[in-house]
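**Q**
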Amino acid sequence: MLNVFVVISAIILTQCFTQVSSTSTISIPITTQDIIAGDVFFEIIEPQDLEYTYRLRPAKDFGVAFSQKLEGVPLVLADPPSACGKIRNARDLRGSIALMDRGECSFLAKTAQAEAAGAVGAIITEYNSNSPEFEHYIEMIHDKSNRDTQIPAGFLLGKNGIIIRSTLQKLNRVHALINIPVNLTFTPPSKINHPPWLGW
């Protein structure tokens, strides 16, 4: 008799859970930590046209982490943009973050050129709007050479890169001022000041 009771109770409980799962929705709020997932954020504080918070995908296996907080540091357009050869505006890059275009050489090679010019960090972006990676974050990996760098590097979404570069050029500026990294751990996702052109 006890065994029959246990079986009947199990059937009733199973039916109850089935009814709950088929008619109810469990809502789990998304946190900023879910969005960050190891990425780094920076904010542009000048010029005003670009005053938003931007996301970077840090280099996977070369360079160092974005652990040192830099405030009001220049984000400088590298010349040439690909930074695969000797950087011509090394004087502007000294103590700054270099903004470079993807292509022509490895991510590590670009970062090494920026470091040699005196930059304290490197941001690389997809500048070809026809590229299939234009709207995606790219995992920047080591090029398997025998070198490494001692500055951090990160990949910036192509659309952000294009708008930052074109806005600075329109304003006849060679750099923006940024804070990096920005701690958003306790900032609700809806409160993050994303660039409006990304459609958040």
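Mind the numbering: the sequence shown is residues -22 to -1, 1 to 178 in mature numbering (1 follows the signal peptide of the UniProt record, and there is no 0), read in order. Ideal Cβ positions, reconstructed from N, Cα and C, are used throughout, including at glycine.
(1) For T31, which residues in the same chain have their Cβ closer than 6 Å to its Cβ, ignoring the five residues on either side in sequence?
(2) Could you please give me the residues that DSSP links to N157 through a beta bridge?
(3) Roughly how many angstroms separate the alpha carbons of E24 and K122, rounded to a whole number?
(4) With distances taken Cα to Cα, identify the nearest neighbour of L53 among P36, Y105, M78.
(5) Candidates Y115, C62, I156: which alpha carbon is nearest E91's?
(6) Rounding to the nearest angstrom, what Cα-Cα distance links K64 and P166 in this structure?
(7) How would you write the range of the beta strand (DSSP E) that D79 sits in, first residue to last?
(8) Do T127 and E82 have their C-beta atoms within less than 9 Å of each other?
(9) Measure from the alpha carbon of F133 to the alpha carbon of each residue in A95, E111, N161, F164, then state which is nearest.
(10) According to DSSP, P58 sits in a beta bridge with which residue or residues?
(11) Alpha carbon to alpha carbon, how far is L71 from A97?
(12) In the DSSP assignment, the beta strand (DSSP E) including I101 goes from what residue to what residue?
(13) At which residues does the beta strand (DSSP E) containing G132 begin and terminate?
**A** From the atom records:
(1) F19, E21, I170, N171
(2) DSSP output for N157 lists E21, E49 as bridge partner(s).
(3) 37 Å
(4) Nearest to L53 by alpha-carbon distance, out of P36, Y105, M78, is M78.
(5) At residue 91 the sequence reads Gln, which differs from the Glu that was named. For the residues Y115, C62, I156, the minimum Cα distance to Q91 belongs to C62.
(6) 42 Å
(7) Bounds of the beta strand (DSSP E) holding D79 are 75 to 79.
(8) Contact flag unset, no.
(9) E111
(10) BP columns for P58 are empty, so no partner.
(11) 5 Å
(12) According to the DSSP assignment, I101 belongs to the beta strand (DSSP E) that extends over 99 to 103.
(13) That run of the beta strand (DSSP E) goes 131 to 134.
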